[in-house]
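Numbering (the UniProt record's numbering), first residue to last: 1 to 428. Working notes for the structure below.
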Amino acid sequence: MTTGCPHSPELPPSYKKTSRGSNTPSVALTIEKTIDSLNAKLRDLSCKIHAHPELMFEERYAHDLLADFMSGQGFNVTRHYLGLDTAWRAEFSYGRGGSVVGVNSEMDALKGIGHACGHNLIAVSGVGVAIALKAVMETLRTPGKVILLGTPAEESGGGKIILLERGAYKEMDVCIMCHPGPGREHSASIGPTIAMQAIEVEYFGHSAHAGAAPWEGTNALDAAFLAYSSVSLLRQHMKPEQRIHGIIQGKDWSPNVIPDYSKMRWLVRSPTHTELSSLVRRAKNCFEAASLATSCTLKVTADQPYYDLQQNSVLGQAFADIVGGRYGVQTTTAGTTASTDFGNVSYALPSLHPAFAIPTSPNGGNHTPGFAQAAATQEAHDAMLIITKGLALLGYRILSDPQFLREVRSARDVMLDMSSNPNLRPRR
C-alpha cells in the first residue's frame, strides 16, 4: 500500500480556461487547492462516520454531522429533506442562470459489519466535490448551481428512489458521485451495475408441541426451507449474470415447538430492469409452491426495484481523460453484478458513478469485515481524494461548457433509445 498521491501532470488546455485573464487561477489549480485544504477535515468527517455506522434511514449522526459542516461552508442546507428524516440537501448558487450539477453523498452502513461498503468515503467525496465547485464558481465568476444530496438507505430501502420520486433530482442537469471497491491501485471503472429487487417473504403457520402433537402444527420454518431449496434448484437454470440470494429469519424458535412464523429476505438481480421482472416471477413461484406444500399462508412484499446503472458515455470519457491524464488513474468500462439505487437516477438524467479502487486484504472486497477496515485507512482516503478532484473538474466543465452539456444530453437520449429496445442494446 502507498500513502502518497501519484504525480499530477498538466491538464489538457480545455481545463485551463480562465475568465478574467492570465492572472486568474486555473480551474484545476483552484479545485485542487480547495480539496487539498479540506484534506484534514474530510478525513476527520470520514473517520467519524466510519466509527458511528448507522443502518438505513437511521443515519442521524451522519445527517447532523454533514449538514452542520456544509452549513459552515456557506451552503444553504435543508435538513430532513422531502420528508426523509435522515436526508439532507446543501445548495450553492452563483449569479443568474447557468447549469445545475448534482452530487450524492451516501451515509448508511451494513448490519453487523459497519461501513463494509465504504459509504464514509462516498459521503466525504460528495462534500469535497460540492465545496470545490463552489470555490471555482466564486473564483471564476461562473454562474450556476451545485446541489449536494445526503442520500440515506442505499444498501436497502432505496433512498435515492424515494428522493427521485419526490422531485429531488428534477432541477439537476447532471448528477455525479463515486463508490470505492477492491482493485489495482490507481484504477477506476465506469462500467454498469445490474438491476435488483428486494423481496420480503413471510410464512404464517400454526404452532404445536413438536413431540406430543406435531400433526396439529403447520410449520412455517419448513415452508422457508422448502422455498430456499427451490430457489437453489432454480439457479441451475438462470443466466450466468443473474443472481438470487437470501436469508431466513424468525422469532422465538425452539426445537420443541413447531414454528408458526418465518421470514425471508431475498435479493433478485438481472442485467437490466426489463429482464428483472421475469426472474422475479420465477422466484415468486418458488415461494408460492412452498406455501402450498406446507399449508402455510404466504405474504410477499416487494420493494421498489433498483434499475441497472446507465453510465453516461460522454461524461465517462471526459472523466477518464481527466483522471488518466492528470492523476495517472487507469479507467475501464468493466461492469459489476452489484446494484445501486443510483441506477434509477441514471435513467432520469445524465449520470456518472465511477468506482475507484482502494487497497484491501485478500478476499476483502465490498460487504466484508476486511473492506470495512480498508475503508478507514489513509490509503483509501488518498484514493478518494484523487477521484473527488476528477469529479469536481468534470462538474466544472458541465457548468462552464454548454456544448459539452448538449453532448452529454444527446448521449443520454441514445442510451434511452437502446434501453427501450433490447435488440439495440450494446453487448457488455
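The beta-carbon is built from N, C-alpha and C at its ideal position, and this holds for glycine as well. Since the structure is predicted, the reported quantities are computational estimates derived from the model, not experimental observations.
Leaving out five residues before and five after residue i in sequence, what residues of the same chain have Cβ atoms less than 7 angstroms from its Cβ?
i, result
"Val300", "Ile199, Val201, Lys284 and Phe287"
"Val345", "Lys160, Leu164, Tyr169, Cys175 and Ser351"
"Ser270", "Ile194, Ala195, Gln242, Leu276 and Leu279"
"Ile122", "Ser105, Glu106, Met177, Cys178 and His179"
"residue 460", "This structure does not reach residue 460, given that the chain is present from 1 up to 428, and the question cannot be answered."
"Gly157", "Met56 and Phe57"
"Arg282", "Leu234"
"Gln304", "Gly158 and Ile161"
"Gly324", "Gln330 and Thr331"
On a CA-only basis, which of the options is nearest residue i? Give me that one, please.
i, options, result
"Leu385", "Ala116, Val129, Thr139 and Leu82", "Val129"
"Leu298", "Glu138, Ile147, Glu32 and Thr218", "Thr218"
"Ala380", "His115, His353 and Ser339", "His115"
"His63", "Ser410, Ile49, Thr86 and Gly72", "Thr86"
"Lys41", "Ile258, Ala290, Gly72 and Met56", "Gly72"
"Asp413", "Gly126, Ile113, Asn312 and Ser46", "Asn312"
"Ser46", "Leu399, Thr377, Gly395 and Glu407", "Thr377"
"Gln310", "Thr272, Arg282 and Ser291", "Thr272"
"Tyr94", "Pro369, Ile131, Gly112 and Asn256", "Ile131"
"Glu368", "Ala357, Ala383, Ile113 and Leu65", "The sequence shown places Thr at residue 368, not Glu. When each option's Cα is compared against that of Thr368, the closest is Ile113."
"Leu110", "Gly205, Ala51 and Ala293", "Ala51"
"Asp341", "Lys239, Ala188, Leu38 and Thr151", "Thr151"
"Arg43", "Ala411, Asp382, Pro402 and Leu416", "Asp382"
"Lys263", "Glu171, Cys296 and Pro240", "Cys296"
"Gly316", "His353, Gly325 and His237", "His353"
"Asp36", "Arg166, Ser189, Ser125 and Pro362", "Ser125"
"Phe75", "Glu138, Lys48 and Ile49", "Glu138"
"Glu216", "Pro362, Thr294, Asp401 and Phe371", "Thr294"
"Tyr327", "Val77, Asn120 and Glu185", "Glu185"
"Thr274", "Leu416, His237, Asn120 and Ala372", "Leu416"
"Asn120", "Ser189, Val77, Ile49 and Pro240", "Ile49"
Do residue i and residue j have their C-beta atoms closer together than 7 angstroms?
i, j, result
"residue 429", "Tyr306", "The requested residue 429 does not occur in the structure, where the chain is confined to residues 1 to 428."
"Pro214", "Ala223", "no"
"Ala374", "Thr360", "yes"
"Val101", "Ile387", "no"
"Gly118", "Ala355", "no"
"Asp108", "Ala153", "yes"
"Val408", "Val314", "yes"
"Leu38", "Val103", "no"
"His245", "Leu267", "yes"
"Trp88", "Arg79", "yes"
"Ala338", "Thr331", "no"
"Ser187", "Ala357", "yes"
"Arg166", "Leu82", "yes"
CB-CB under 6 angstroms to residue i, same chain, minus the five flanking residues each way: which ones, in chain order?
i, result
"Ile247", "Arg265"
"Thr336", "Thr193"
"Lys17", "The predicted position of Lys17 is uncertain, since its pLDDT is 45 and thus under 50; no value can be drawn from it."
"Pro402", "none"
"Gly253", "In the sequence as displayed, the identity of residue 253 is Trp instead of Gly. Cβ within range, chain order: Pro259."
What I want to know is whether the C-beta of residue i ends up closer than 6 angstroms to one or more non-hydrogen atoms of the ligand ATP.
i, result
"Glu202", "With respect to small molecules bound, the structure shown includes none, and the ligand ATP cannot be examined in it."
For the putative contact between residue i and residue j, defined by C-beta atoms under 8 angstroms, what is the C-beta separation to the nearest angstrom?
i, j, result
"Glu91", "Lys134", "Not really, about 10 angstroms apart at Cβ, beyond 8 angstroms."
"Thr333", "Gly191", "5 angstroms"
"Ser291", "Tyr203", "7 angstroms"
"residue 437", "Pro255", "Absent from the model: residue 437. The displayed extent of the chain is 1 to 428, so no value can be given."
"Val127", "Met172", "Rounded, the Cβ-Cβ distance is 17 angstroms, inconsistent with contact."
"Gln197", "Ala302", "6 angstroms"
Within the same chain, show all residues whose beta-carbon is closer than 8 angstroms to that of residue i, passing over the 5 residues directly before and after it, in chain order.
i, result
"Arg60", "Glu54, Asp85 and Thr86"
"Val136", "Val27, Thr30, Ile31, Thr34, Thr142, Ala392 and Tyr396"
"Ala318", "Leu394, Arg397 and Phe404"
"Gly98", "Thr142, Pro143, Gly144, Lys145 and Leu399"
"Tyr261", "Glu202, Tyr203, Phe204, Gly205, Ala220, Gly250 and Lys251"
"Val257", "Ser207, Ala208, His209 and Ala210"
"Asn363", "Gly370"
"Ser22", "Per-residue confidence for Ser22 stands at a pLDDT of 32, beneath the threshold of 50, marking its modelled position as unreliable; the derived number appears in the next sentence. Contacts found: none."
* Entirely enclosed beta strand (DSSP E) segments - the stretch 279-354, minimum 3 residues -> Entirely contained in the stretch 279-354, the beta strand (DSSP E) runs reaching 3 residues are, in chain order, 297-302 and 330-332.
* Sequence ranges, alpha helix (DSSP H) only - wholly within the stretch 130-190, length at least 4 -> If we require 4 residues or more, the alpha helix (DSSP H) runs fully inside the stretch 130-190 come out as 159-165.
* Entirely enclosed beta strand (DSSP E) segments - the stretch 51-92, minimum 3 residues -> Correct list: 76-79.
* Of all the alpha helix (DSSP H) runs that stay within the bounds of the UniProt domain "Peptidase M20 dimerisation" (200-290), which reach a length of 4 or more residues? -> Counting only runs of 4 or more, we get 220-234.
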